[in-house]
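Engineer:
Protein chains: 2
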Amino acid sequence: MNISDVASSTGLPVKTIRYYEDIGLIAPARSANGYRQFSDSDLHKLAFIGRARSLGFGIDACRDLLRLYNDQTRASADVKKLAQSHLGEIDRKIAELGQMRATLSHLIDACAGNDRPDCPILADLAADHDHA
Amino acid sequence: MNISDVASSTGLPVKTIRYYEDIGLIAPARSANGYRQFSDSDLHKLAFIGRARSLGFGIDACRDLLRLYNDQTRASADVKKLAQSHLGEIDRKIAELGQMRATLSHLIDACAGNDRPDCPILADLAADHDHA
DNA sequence: TCTTGACCTTCCAGTAACTGGAGGCCTTAT
DNA sequence: ATAAGGCCTCCAGTTACTGGAAGGTCAAGA
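Here the protein sequences line up with chains A and B, keeping their order. So for the first sequence, our numbering puts the first residue at 552; every next one is plus one. So for the second sequence, our numbering puts the first residue at 552; every next one is plus one.
1) Within its chain, find whatever has a CB closer than 6 Å to the CB of M552 (chain A); leave out the 5 residues flanking it on each side and keep chain order.
2) Check whether the region 560-579 of chain A and the region 594-611 of chain A are in contact - that is, three or more C-beta pairs closer than 8 Å.
3) At a Cβ threshold of 8 Å, is L638 (chain B) touching chain A?
4) Taking 8 Å as the threshold (C-beta atoms), are L676 (chain B) and A683 (chain A) in contact?
5) Between K631 (chain B) and chain A, is there a C-beta pair that is closer than 8 Å?
6) Could you check how far apart the C-beta atoms of L655 (chain B) and L616 (chain A) are, in whole angstroms? I think they sit under 8 Å.
7) Can you give the Cα-Cα distance for S696 (chain B) and N584 (chain B), rounded to whole angstroms?
8) Are the region 560-572 of chain B and the region 647-664 of chain A in contact at 8 Å, needing three or more beta carbon pairs?
9) Could you list which residues in chain A have their beta carbon closer than 9 Å to that of A677 (chain B), in chain order?
10) Please go through the same chain and pick out, in chain order, the residues whose beta-carbon is closer than 6 Å to the beta-carbon of C670 (chain A), but skip the five residues on each side of it.
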């Protein structure tokens, strides 16, 4: 299987697949002409990584997840711990974005959005929010 | 005012302030010894940028906001448009994270988290999620 | 006066995870 | 034979900083 076939069947861009090889996530064979030859196992690995990435796991976490997946003696507790830690990160980000959203949408509501210059959004940015 | 004073009064790291000068957001004067000398106007600008950044605006948006702030003939509509576009981005991110959160927390709930190897989280990652 | 420590400076490299593009083989069809 | 399209590698750029090295400056104390 050539790289573009793998790309279309995993949904990952060709460039990304090459990148994953670069950083050692996969190690596809090469045929005589230098083209990468992907096995079913490579394909499966890439799909696994793609799914993990789509859940927001970082590359290092993907590495850990792959390792756990291939380790028949793993404890599900280890996987769960990893996932919980990631969930915590997600919750932190959601909270931060939610805070931004609240403030911003408040300011937007207060802004007339006409051709006059006075604007509560700029006023807020310019106001003293005291870091001292 | 030297850089560390500005840092403590804006809450921005010294490194970040230097970086903001590098990319042309500010242009503090220099004294004879080469030290940056920050005016009240520099300070105010940095506080403005810091606040905008804390609301999630990117550097380029900060540039635009500063420009609008300094333009007495601005229309508040332009500011509002910028803010709304940013709010849209935030909403997109929140939605994406919320989706991740839902899937992930579902999988975590289903995982025993004991010393046995079977794990619904890994099973999901390995399952066919079909991109073809 | 000397020294010590806290400032300040610049420049270089690294972070996360790709993405775009240049330059150049390889293959397949016409 | 040639043209299109797929493949290759390598380099640079993205975002917004952050860490560290090497070295100049300044104020206070012995």
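A virtual CB, placed ideally from N, CA and C, is assigned to each residue, including glycine.
Structural biologist: Taking the geometry as given:
1) F589
2) yes
3) yes
4) At the C-beta level, A683 (chain A) and L676 (chain B) stay beyond 8 Å of one another.
5) yes
6) So it is not a contact: roughly 12 Å between Cβ atoms.
7) This structure leaves residue 696 (chain B) out entirely; chain B is present only between 552 and 683.
8) Contact between the region 560-572 of chain B and the region 647-664 of chain A is absent, with fewer than three C-beta pairs closer than 8 Å.
9) H595, A598, F599, R602, Y620
10) C662
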